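Numbering (my numbering), first residue to last: 5 to 390.
Written out as structure tokens, the structure reads:
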């Protein structure tokens, strides 16, 4: 038998999912967070760009967040189990099936599953990933500032001259010499050389095919990465920059029929979720964290987790009190200014207050009057009360 339905089901126990749970708790919503224990940054020993947590362990961050939530809020439940299936039972109910065969039900669903990297087919790449291959030089690389040389791996998702040069410019902030490796692509090499110009001294282009990557270890931690080429030659860099393709973790978005953002390679990419509240193409399904953006950083995951939870709460409250808020998402797509107005009001006051203000001002309890069937009419009416 399914469990008693809760307000919100959350799949994913990383920063986005934990923040969503915490946000929902603040409005006394019941929620269950499902944590499989698998994280994209599981191999990382440090996290960055989070005040008070810079240079600290992401595992410790998650553990502290879980403890804080469970110690202070009684409406949140955390289940350490993998989810196998997600489905929408009807307009107001979702059901999850976990790996143990148990079913769980909730009125809203937040997908905070994260993403999985799709590594290029270069021997040794996975062994070097996160240790000497860095996907983001805001997250990694600062500790290697002042190095004599670094490299950019212009393959797979980065086999595009403007993007490779962008990565090279980031690397040049930390290293005196940067080489862009095209892994045998003479065409890309020619594009890079033309874009960089003949007089460029800080950046070089190397078109040799790479046969293997390996770590150079001189102590407890790797200090460099070795590139072996098909012609038998080798070179060493302090680090390589490469942002691999990613795919959304778990089958849930596909099971629910959620739309994906465009991607050059089928099976990769992110869930399409409308900012700032990250509603997906399926009503009642929200998404947050790495699964909705190519910019996969903890700070962004925290922000989107909060916003997705706020939106789920708004829908729950609206469904308890009338139909106006149920129509707001489609109306705000017609009129971005109305979305801005609503967003500011939500920032200034509680969601419950905003809902009551809207219902009271329009004088609506169940249905939209004909005069307010367009976003611009609603916005015009609202502004008279500001």
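Even for Gly, the Cβ is constructed at its ideal location relative to N, Cα and C. Predicted, not measured: the structure shown is a model, and the values here were computed from it.
Residue 273 to residue 41 span [Cα, whole Å]
22 angstroms
For the putative contact between residue 217 and residue 174, defined by C-beta atoms under 8 angstroms, what is the C-beta separation to the nearest angstrom?
In fact, because the Cβ distance is near 20 angstroms, the residues do not count as touching under 8 angstroms.
Mark residue 32 as exposed unless 16 or more other C-beta atoms lie within 10 angstroms of its C-beta, in which case mark it buried.
exposed
Length at least 3, wholly inside the region 136-183: the beta strand (DSSP E) runs in chain order
154-157
From 295, 297 and 284, residue whose alpha carbon lies closest to that of residue 315
284
Rounded to whole angstroms, what is the Cα-Cα separation between residue 391 and residue 241?
In the structure as shown, the chain starts at 5 and stops at 390, and residue 391 therefore has no counterpart that could be examined.
Just to confirm, are residue 203 and residue 179 a CB contact at a threshold of 9 angstroms?
no
Please list the terminal residues of the continuous beta strand (DSSP E) segment that includes residue 110.
107-115
If you follow the alpha helix (DSSP H) that residue 26 is in, where does it begin and where does it stop?
19-29
Over what stretch of residues does the alpha helix (DSSP H) that includes residue 71 continue unbroken?
Residues 62-76.
How many Å lie between residue 62 and residue 51 at the Cα?
Residue 62 and residue 51 have their alpha carbons spaced roughly 6 angstroms apart.
For residue 319, count the other beta carbons within 10 Å of its own beta carbon; 16 or more makes it buried, fewer makes it exposed. Which is it?
buried
In the DSSP assignment, find the alpha helix (DSSP H) that holds residue 281 and state where it starts and stops.
Per DSSP, residue 281 belongs to no alpha helix (DSSP H) and is neither H nor E.
In this structure, how does DSSP classify residue 350 when only helix, strand and coil are distinguished?
With a pLDDT of only 48 at residue 350, under 50, the local geometry of the prediction cannot be trusted, and the value read off the model is given with reservation. In the structure shown, residue 350 sits in a helix (DSSP, three-state: H, G or I).
Excluding five sequence neighbours on each side, which residues of the same chain lie with their C-beta closer than 6 angstroms to the C-beta of residue 91?
Only 99 meet the Cβ criterion.
Taking only three categories from DSSP, how would you classify residue 15?
strand
Spatial neighbours of residue 186 in its chain, beta-carbon cut-off 6 angstroms, leaving aside the 5 residues before and after:
158, 192, 193 and 211
Nearest to residue 270 by alpha carbon, out of 18, 252, 138 and 279?
252
Just to confirm before moving on: does the CB-CB distance between residue 7 and residue 323 stay below 9 angstroms?
Between residue 7 and residue 323, the CB-CB gap reaches or exceeds 9 angstroms.
Quick one: residues in its chain with C-beta nearer than 7 angstroms to the C-beta of residue 68, no 5 flanking neighbours on either side, listed in chain order?
none
Kindly indicate the opening and closing residues of the alpha helix (DSSP H) around residue 243.
Here residue 243 belongs to no alpha helix (DSSP H), and DSSP marks it neither H nor E.
In chain order, what residues of the same chain lie with their CB nearer than 6 angstroms to the CB of residue 265, ignoring the 5 residues before and after it?
273, 274 and 276
Tell whether a beta-carbon distance below 9 angstroms holds between residue 156 and residue 245.
yes
Please confirm whether residue 25 and residue 35 have their CB atoms less than 9 angstroms apart.
yes
Among 131, 121 and 122, whose alpha-carbon lies nearest the alpha-carbon of residue 226?
131
Could you check where the alpha helix (DSSP H) with residue 194 kicks off and where it finishes?
190-200
Please report how far the alpha carbon of residue 60 lies from the alpha carbon of residue 94, in whole angstroms.
43 angstroms
Quick one: what's residue 119 bridged to in DSSP?
252
Nearest to residue 307 by alpha carbon, out of 104, 281, 89 and 288?
With respect to the C-alpha of residue 307, the residue from 104, 281, 89 and 288 having the closest C-alpha is 281.
Among the candidates 188, 17, 200 and 228, whose CA atom is the shortest distance from the CA of residue 235?
188
How many angstroms separate the CA atom of residue 144 from the CA atom of residue 177?
The alpha-carbon of residue 144 is positioned some 12 angstroms away from that of residue 177.
For residue 195, count neighbouring C-beta atoms within 10 Å of its own C-beta (all shown protein chains included) and say buried if the count is 16 or more, exposed if not.
The residue is buried, with at least 16 neighbouring Cβ atoms inside 10 Å.
Starting from residue 210, trace the alpha helix (DSSP H) in both directions and tell me its first and last residue.
If you look at residue 210, you'll find it isn't in any alpha helix (DSSP H); it sits in the beta strand (DSSP E) that goes 207-210.
Short check: CB of residue 117 to CB of residue 313, under 9 angstroms?
no
What is the DSSP secondary structure of residue 185, reduced to helix, strand or coil?
Residue 185: strand per DSSP, three-state reduction.
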